[in-house]
Structures are given as structure tokens and as C-alpha cells.
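Those sequence lines, one after another, are chains A and B. Counting along the first sequence from 1, when you hit position 12 you're at 12 in this note's numbering, and nothing is skipped either side. Counting along the second sequence from 1, when you hit position 241 you're at 1241 in this note's numbering, and nothing is skipped either side.
Protein chains: 2
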Amino acid sequence: MNLGAHPFTLRQLQYAVAVAEWLSFRKAAELCHVSQPSLSAQLAHMEQAFGVRLFERDQRRVLVTAAGRELIKHARLILRETDDLEELAHRSRDPLSGTLRIGVIPTISSYLLPRLTAALRKAYPRLTVLWVEDKTQVLLRSLEAGMLDAALLALEADIGDVERGIVGPDPFVLATPVGHPLGAKTSPAMASELKDVSVLLLDDGHCFREQALAFCSGAKAHELEFRATSLSTLAQMVAGGAGVTLLPELAVAVEAKRAELSIRPFAQPVPKRTITLVWRKRSPLDSALRQLVATIRAAYSRTSNQRGAAARVI
Amino acid sequence: MNLGAHPFTLRQLQYAVAVAEWLSFRKAAELCHVSQPSLSAQLAHMEQAFGVRLFERDQRRVLVTAAGRELIKHARLILRETDDLEELAHRSRDPLSGTLRIGVIPTISSYLLPRLTAALRKAYPRLTVLWVEDKTQVLLRSLEAGMLDAALLALEADIGDVERGIVGPDPFVLATPVGHPLGAKTSPAMASELKDVSVLLLDDGHCFREQALAFCSGAKAHELEFRATSLSTLAQMVAGGAGVTLLPELAVAVEAKRAELSIRPFAQPVPKRTITLVWRKRSPLDSALRQLVATIRAAYSRTSNQRGAAARVI
DNA sequence: CAGGTTCATAGTCACAGCCTATCATCTTCA
DNA sequence: TGAAGATGATAGGCTGTGACTATGAACCTG
């Protein structure tokens, strides 16, 4: 490890990054809460130390040089790491306290959160979770940008290279209007029964759409043109007789109560998704999040059991 | 990006890492070239800022706490990154390394780049050039906006107030279908021969169109309605007997090989364009780019000679 | 118990880094 | 065309951080 004095400071890196972001010394100085001359001076020192011009500036505008681009990219990385370190320090007093920002996809949030928040409040009374609901890809981008600490989504989606902790499997069931021939049978549903049946699916961008679609096209079902933007809408339309659909079992308890639906489980191989908590690799929250996953898993499996019971009643 | 002041410094991280490594304040202070009290004071500040005790110390020994282990692991990572940044700065002191974004017009790129990239790789092995192909006016706007570092184009176009380095002249030649009366003569072509001849030209927006058009209208030639979008298309159409055209000599070697063309040079005054590298005034890359121009010029004149040889064979 | 460790504390000082005020340019708009 | 309003650079002065030396307190070792 190099123990020699570093020729630059974290503060200087922040200044450089701020200027690169706003292409303005004044604006950057304002955001960094220093005067513009101070910022100018620090950047001058930094350029001197590096022996490289980072910014091309005249009296009307600022541009980042080729060298500047490379260096500032790296500076951003370092600053993110320092933020992580701060975060780590803050948490190391008490890992599961403070505020955690967690993303969650819509087809999970409505059904899991009500029960989960209660369990979390009980397990970690000093922890506040800020839930952010959006589609998988948006959440993953926010996660990467450091705007989220973790995200709760389906493992089957394209989630890239992230750390993960599995909460549990969520099998899909067949939902049909009451009185529909497919809903009448008592045996588990076979994929082959879906051949040429009209199914309704979620709109583009919802990962549950992709997962259900994969199964349906394998079964040679026929997708109707209309696409719902939430599972609730989907359930309403099915109840209205527009067609049949797949629902994650997680949603059944709520949706079958709101709308008149017949629910049948599928025979092996059961289509399913795997609910998972994901976070950045090398996140300082790693161990805390693993602990959190255990708590979520416990709450989820309790919910599953109750759902199982509810299903038997129907 | 968090722009708030960081509660710690890189120096403090070094101190902490050194202590963790040697489990001794004195030894660590010595290696960091500071007095032991200075190091003690900084670590005390750091622990205060973090709100966590990093070291368990009494007068006979030093131990790293559980929190300290985590934090110092992360601190090591950050210090490695800062070393990388320093290294990066050191390398970028050599302006002709890293990535340069250079624009180039289509009537140059296809013919010059294959040879040029090889020459550049050889001359500047640590330089990566990202070539961006577009029309002159688009390139100049990108250059002005800082999205490009330089652009390779024809001096004869309207290029505004930019810094420039001339690569070399690119004379135009007369290209006719094989068997065309204008192609039969062995003497250099006169502008007057083009009177009332049907010529094909590039589409609007290509600067080569403007340059060729200036010459042709001076010669009272007659432009056919059809306009090609690339020199290759143009050559194909001429070979097909649709008319005659002007080609930059740079393109002859490639195009005359693909299509059956007769090529004649022009008599004085030879119509031509001047291939030029341009960049922003006051760009910090100025001296590097002048050096680059010299390299490009060398590669271009070698290409010219070979093209001269090829032309004699035809 | 003296001498040699260890890290912590006290007191002093220099300079890095901040501030305000001002300059030199360039753009904008009346 | 000229005044007002940007922007970044420069000048000069102040202050607080982080360095130093000297010393203190606790602990081992011969």
C-alpha cells in the first residue's frame, strides 16, 4: 500500500466532478458551498498536481478535456466509494437503523408490503424503509446510480451482475371468469389446456408480462390486443369475461377478493417467479441486507401459508 | 452525486490503514512521515466523525475493532482507487494516449481510415481514436459543443473560425464509363471538355458536392437530377453509363477496383480539395493535435504515392 | 525500581484554503 | 452602440486545521 502523501484531496475531486457536471465554475461552487475563487484555486492546484489540463475554459464556457473525462470518471468512482464508507461507518454503529431506500416492482409491492412493513417494524424498530415502486429496469438503474440501497424483484428478469438474496418462489396460477370451462375442473391446470385460449397480459415493461408470456406462447395460447397496466385491472377484465390470465399466487388473496375469479394451480412444471432482494456488489450494507432478506423471507413464507389456506377455502 | 463535505480525508484513511497493518501508532506514524501525536490526533478526529471506535488501544497494544475491520477494508479499496487515479493522471500527461474523439466526413473516412488507423496504432500505441462519421456541418457543431476533440474534413468547405492543420491536397479526377469518348483521350482533361456533358453529383449536404459543383458549373456542365448519397453509389452509376463524375483521387484506388471506370486527371488549374484536421481554438490538445497532423500527413502522402502508381496502371 | 516501551495531552506555529473585492471579457438586450 | 449582467481569473487578507516539540501517564523488563 502506497503511504506517500496524495497530491490531491477528496474536496478537489468533488469540485472537479461538480464542474464536469454543470460545465460552470460558479454553479459548481454554489453547489459545493464555496466561493467561486476558492473552487478555481483548488482546480488550478489539482491541474498543477496532475500536470494535466482538466478543463478547457474561456470567459463564456467550460469544456472537459479528453484527459479530464478519464480522470473525472475515475474521481466519480472514488467519491462513490467514500460515500459508501461514510454509510458503512454510520451503519456500523447499528447496521439496521436509519433509512433504507428499497425499490420494489408493482406486481410485488401491492401484495407483499402491507404484511412486510409490519414485520420489519417489529424486527427493526429503528429502521425506516423508503419504498420506491417502479419497473425492474428503472429500479436497477437507480440502484446502480446509488439512489437506491436495494430492490425487491423477480430473479427471472434480466437483473445483471448484482448481489442477491432469495426471498422465495411465487408460483403462477390460472385465473378465469367464474363459470368459464377452464375454471370448472378441479385438477391442476396443464399448459396444453391453454392452446388457442385468449389470454390477457400486462403492458410492456412489466417483467411479469415477459414471464407469463414465455409460458403462454410455449402453450400456444393467443394474446388479446388489450394490455392492462396493473394486476388489479387485469383481474377486473378477466372477471368481466374478457379472457383468462395468469396471476402470481402472491396476488391471489387480494385480487380474488376484489373480483369474482376462479383460481386453479398449475400442474408440474409449475410456472413461477422467484422473489429476490438485490443490491450492488461491494455495497457496505451487504451483511445488513442479508439479515434483512432472512426477515423478509420469514414474513413471506407466513404469507404463503395463509394464502395456501385461503386458496383451499375458495 | 453527494456534494456535501466529507467528514474525513484521504490522509486519515492512510493513517488508519497503516495502523491496522502494523498494530502500532509509532510505527505507522514513522511510515507515514508524521509525528506520532499528529497521527493520534487525526485518528481521534476520524473516530469522532465516524462515531465508532476503530482501534482498541491501551498502552501496550493495539487491536482493530469489528467495525474497524470493515471500515479499513473499505478504506484500503479507496486508497487503491486513488493510486489508480494518480497513475491515470500520470499517463494522461502524455496527450497522445487515452481516447480521442475525431469526426470525419464520409468522402474521406472510407478511403483514408483503413490506412490511417494502422499508422496511428503504430505511432501512438496507447492512443484510441473514436471515429465519428458525419457531414461537415454536423461535425463542426459537435466540435463546438465539445463532443468531438477534432475533425478531419475539407478546407474548402465553410469551416468557420477553428484551428487547423493541413494534411494534404486531394485533386479531383474525371471518372467516365469505360468506352465513353471523354475517357478515351490520354491527355489531361480540360474543364472545357465538360461543356454540356451530363454529370452525376453527391446529394445535398456533402461538401464534396459543393466543391465538384463549383467546378462543373464553371465548366457549364449539366447536372443530372439523380443524386447519390455516397461516392460508391456514384461510381456504380457512372460505370453503368448514367453519366460522368468527378472523384477525389483519394477514392480512385478503391472505387475503380469495384466498378469499371476510366480515370483521367485534370489539366491545370486542377480542381481539388485540401484535407485538413481542425480543432477548437484554445484547445489544450493543440500541440498534441499538431503532432497528430504530422503523422496523418505522412500516412496520407504514402497513400498518395501508391494511388499514383495505381493510376498509372489503369 | 530505573529505563524503555506504549499512546495521549498540551501548547505553539505555519500555511493551506477560505473569504471579499475587483478585473477582464464576452453576451445580451434595449 | 452602449449599459447591464454573465463568466472565470487575480489579489490580498484572515482563520482554522494539521503539523511540530515537549511532556505526561500507564505498562513491561531487567
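Glycine residues also receive a C-beta, built at the ideal position from the N, C-alpha and C atoms. Being a predicted model, the structure only gives us computed values, none of them experimental.
Query raised in the report: DSSP state of Phe1008(B), grouped into three classes?
Result: coil
Exercise. Return the Cβ separation of Arg1297(B) and Glu1163(B) in integer angstroms, given the expectation that the two are a contact with Cβ distance under 8 Å.
Key: Rounded, the Cβ-Cβ distance is 16 Å, inconsistent with contact.
- Query: What do you get for Gly308(A), buried or exposed, if any count of 16 or more other CB atoms within 10 angstroms of its CB means buried?
  - Reply: Residue confidence for Gly308(A) is low, a pLDDT of 49 falling below 50, so the modelled location carries little weight; the figure read from the coordinates is stated next. By the 10 Å Cβ count, Gly308(A) comes out exposed.
Next on the checklist: Is the beta carbon of Ala1154(B) closer than 8 Å to that of Ile1275(B)?
Outcome noted: yes
request  = Go ahead and label Met1001(B) buried or exposed: buried means 16 or more other beta carbons lie within 10 angstroms of its beta carbon, across all protein chains shown.
outcome  = Confidence in Met1001(B) is poor, its pLDDT being 48 and thus under 50, which makes the residue's placement unreliable; the coordinate value appears in the next sentence. Met1001(B) comes out exposed.
Below-8 Å beta-carbon distance, Asp58(A) vs any chain B residue:
yes
Self-check item: Sequence-distant residues of the same chain with beta carbon closer than 7 Å to Leu1200(B), five excluded per side
Solution: Leu1224, Phe1226, Ala1228, Leu1234, Met1237, Val1238, Ala1242, Gly1243 and Thr1245
Subject >> Pair within 8 Å by beta-carbon distance, Arg1264(B) and Val1173(B) >> reply: yes
8 Å Cβ cut-off: residues of chain A touching His1206(B) = None at all; the shortest Cβ gap to chain A is about 28 Å.
Relative to the alpha-carbon of Pro171(A), which residue among Asp158(A), Pro125(A), Pro188(A) and Gly179(A) has its alpha-carbon at the smallest distance?
Pro188(A)
message: Would the region 1100-1108 of chain B count as touching the region 1121-1137 of chain B if we require 3 or more Cβ pairs under 8 Å?
response: yes
Interface residues of chain B around Pro7(A) at Cβ under 8 Å?
-> Glu1086
(message) In whole angstroms, give me the CA-to-CA distance for Leu1152(B) and Val1278(B).
(response) 6 Å
- What does a CB cutoff of less than 6 Å around Pro1271(B) pick up in its chain, not counting 5 residues either side in sequence? Phe1172 and Phe1215
In this structure, does DSSP put Leu200(A) in helix, strand or coil? strand
Quiz item: When burial is assigned at 16 or more other CB atoms within 10 Å of the CB, is Ser262(A) buried or exposed?
Solution: buried
*Look at the alpha carbon of Gln1014(B) and the alpha carbon of Ala1028(B), and state the distance between them as a whole number of angstroms.*
9 Å
Gly165(A) beta carbon less than 8 Å from that of Arg61(A): no
Using a Cβ-Cβ distance under 8 Å, would His1045(B) count as near chain A?
no
Measure the C-alpha to C-alpha separation of Ala1311(B) and Arg1091(B) and round it to an integer number of angstroms.
-> At Ala1311(B), the pLDDT of 43 sits below 50, so the modelled position is not reliable; the number obtained from the coordinates is stated separately. Each residue's Cα considered, the two are about 44 Å apart.
| said: So, under 8 Å CB-CB, Ala1075(B) and Ala1016(B) are touching, yes? Tell me the CB distance rounded to an integer number of Å. | reply: 6 Å
- Item | Contact list for Ala1235(B) against chain A, beta-carbon separation under 7 Å | None at all; the shortest Cβ gap to chain A is about 36 Å.
Checklist line | Contact check, Ala1299(B) vs Arg1115(B), beta carbons under 8 Å | finding: yes
Taking Cβ to Cβ, would you say Thr1082(B) is nearer than 8 Å to Ile78(A)? yes
For the alpha helix (DSSP H) containing Val52(A), list its first residue and its last residue. Element bounds for Val52(A): n/a, residue is neither H nor E.
task = Anything in chain B within Cβ reach of Phe25(A), meaning under 9 Å, just list it in chain order.
result = Near Phe25(A) there are no residues of chain B at all, since even the closest Cβ is about 14 Å away, more than 9 Å.
As assigned by DSSP and simplified to three states, the class of Ala1145(B) | coil
Query - Environment of Met46(A) [buried if 16+ CB atoms lie within 10 Å] - result: buried
In chain A, which residues lie less than 9 Å from Val1167(B) when you measure between Cβ atoms? Result: empty, since nearest Cβ-Cβ is about 20 Å, beyond 9 Å.
(message) Does Arg302(A) pass the burial test, meaning 16 or more other C-beta atoms within 10 Å, or should it be called exposed?
(response) exposed
### Expected contact under 8 Å - CB spacing of Ala327(A) and Leu247(A) to nearest Å
Outside the shown range of chain A (1 to 314) lies residue 327(A), about which nothing can therefore be said.
Check your understanding: At least one CB of chain A closer than 8 Å to the CB of Val1052(B): is that the case?
Key -> yes
Cβ neighbours of Val254(A) in the same chain (closer than 6 Å, five flanking residues each side left out): Tyr111
- Which residues of chain B have a Cβ atom closer than 9 Å to the Cβ of Arg93(A), listed in chain order? Phe1050, Gly1051, Val1052 and Ala1067
- Message: Our contact map puts Leu1088(B) next to Glu70(A) with C-beta atoms below 8 Å; I'd like the distance itself, whole angstroms only.
- Response: 6 Å
Could you tell me how far apart the beta carbons of Ala1219(B) and Lys1257(B) are, in whole angstroms, since I believe they sit closer than 8 Å?
In fact, because the Cβ distance is near 27 Å, the residues do not count as touching under 8 Å.
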